[in-house]
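What follows is a single structure, written as structure tokens, with notes after it.
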Amino acid sequence: LAKTTQPISMDSYEGQEVNITCSHNNIATNDYITWYQQFPSQGPRFIIQGYKTKVTNEVASLFIPADRKSSTLSLPRVSLSDTAVYYCLVGETDGNTGKLIFGQGTTLQVKP
Amino acid sequence: NAGVTQTPKFQVLKTGQSMTLQCAQDMNHEYMSWYRQDPGMGLRLIHYSVGAGITDQGEVPNGYNVSRSTTEDFPLRLLSAAPSQTSVYFCASSYSTGWETQYFGPGTRLLVL
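Those protein sequences? They're chains Y and V, same order as listed. In case it helps, the working numbering puts the first sequence at residues 5 to 116. In case it helps, the working numbering puts the second sequence at residues 7 to 119.
Set out below in structure tokens:
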């Protein structure tokens, strides 16, 4: 099972770009990298997913180097509403035992 | 679609009582799971199911039972509640081939006195 390591917390200001890096040294060949966002008193929600190189959607970008041992979630021009916990997950995909393990996540605090 | 629904939203139990947390989804997802979230601990997987009639343990299964008699429902049973089970419980579901993108319910807050 690939373990992930990410910073416990980060601070930013409105309008700035925020980059959250996640380490996953033991990622397996079939694993995807997925990021979730969780607001207080809500369940997590999917942000973005990737396998290698770069993925971009309307919310964020995900950068994955060639060795796939880390990944970086990039949030462009954050606002106060982006204050949340961000989880990096690396999936276990052997047969039917696919299950996601959430770590502690990164608490992002966006200040005015 | 209602998505993933959980009941109740909040529950207070006394030590030793039993109860069932309900989870239902109307998206025809094969994969369903239960997590608990404690302050500063992130989410921890309790039990999961890859289809009706199939369940398996996650990281922290002790004190909890599950069953999956239908695709739609995945109840979580606390047989004898303990204060250590005070937590927020989330249910999630996804298609088996896309399990990486799970849909989460709104959560159930449980307080065990």
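Ideal Cβ positions, reconstructed from N, Cα and C, are used throughout, including at glycine.
- Using a Cβ distance threshold of 8 Å, G9/V and M33/V count as a contacting pair.
- For the 8 Å CB-CB criterion, F80/V and P48/Y do not form a contact.
- DSSP lists V114/Y as the bridge partner or partners of S16/Y.
- Among the bridge pairs identified by DSSP, K58/Y is matched with F67/Y.
- Under the DSSP definition of a beta bridge, Y91/Y partners with Y40/Y.
- In this structure, S16/Y places its C-beta atom within 8 Å of the C-beta atom of V22/Y.
- Taking C-beta atoms as the reference points, C92/Y and I37/Y count as a pair closer than 8 Å.
- By the neighbour-count definition (other C-beta atoms within 10 Å, threshold 16), V114/Y is a buried residue.
- Look at Q91/V here: in three-state DSSP terms it is helix.
- At a Cβ-Cβ threshold of 8 Å, T8/Y and S27/Y count as neighbours.
- Between I52/V and Y37/V, the gap from beta carbon to beta carbon reaches 8 Å or more.
- DSSP places D44/V outside both helix and strand once states are collapsed to three, so it counts as coil.
- Residue Q43/V holds the alpha-carbon nearest to the alpha-carbon of T92/V among Q43/V, L85/V, R50/V.
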